[in-house]
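Data first, discussion second: the structure below is written as structure tokens.
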Amino acid sequence: MAWLEVLDSQALKEGEGSEVLHHGNVIAVFRHEGRLYAVDGLCMHQGGPLARGKLASGTIQCPWHGWMYELETGNNAVTCQRMLRTYPVREIDGKIEIDLET
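Counting in our numbering, the sequence shown runs without a single skipped number right up to 1446 at its last residue.
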């Protein structure tokens, strides 16, 4: 695994998302219901910014057109088709890190 530090822990409050850019890739990192999640940051419908979406019951809803994705799997919440890549994420020593190689 190749862990990459992306945020200070304090920068991501419960119920919020943050957008991270890495080599041209947009990744959305969320703190939801006491857990951290990291998924592709652009909606598959029309590229809406998922980090600015609404979190509810383990899903993120795109702020542009309402498409919903499961945070754990990256699946579309309606069709159950995998649409977003998910990334391992952890919190160590006040920093949030993601693994881009898994």
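Glycine is no exception: its CB is placed at the ideal position from the N, C-alpha and C atoms.
Residue closest to SER1353, alpha-carbon to alpha-carbon, out of LEU1365, VAL1373, ASN1369: When only C-alpha atoms are compared, the closest one is VAL1373.
Rounding to the nearest angstrom, what Cα-Cα distance links GLY1397 and CYS1406 in this structure? Each residue's Cα considered, the two are about 5 Å apart.
State yes or no: is the C-beta of ASP1384 within less than 8 Å of the C-beta of ILE1371? Going by C-beta atoms, ASP1384 is nearer than 8 Å to ILE1371.
Indicate whether GLY1392 and LEU1386 have their beta-carbon atoms separated by less than 8 Å. The Cβ atoms of GLY1392 and LEU1386 sit closer than 8 Å to each other.
May I have the straight-line CA-CA distance separating ILE1442 from LEU1356, to the nearest angstrom? Using only the alpha carbons, I get a separation of about 14 Å.
Euclidean distance between Cα positions of ASN1420 and MET1388: Going from the Cα of ASN1420 to the Cα of MET1388 covers about 9 Å.
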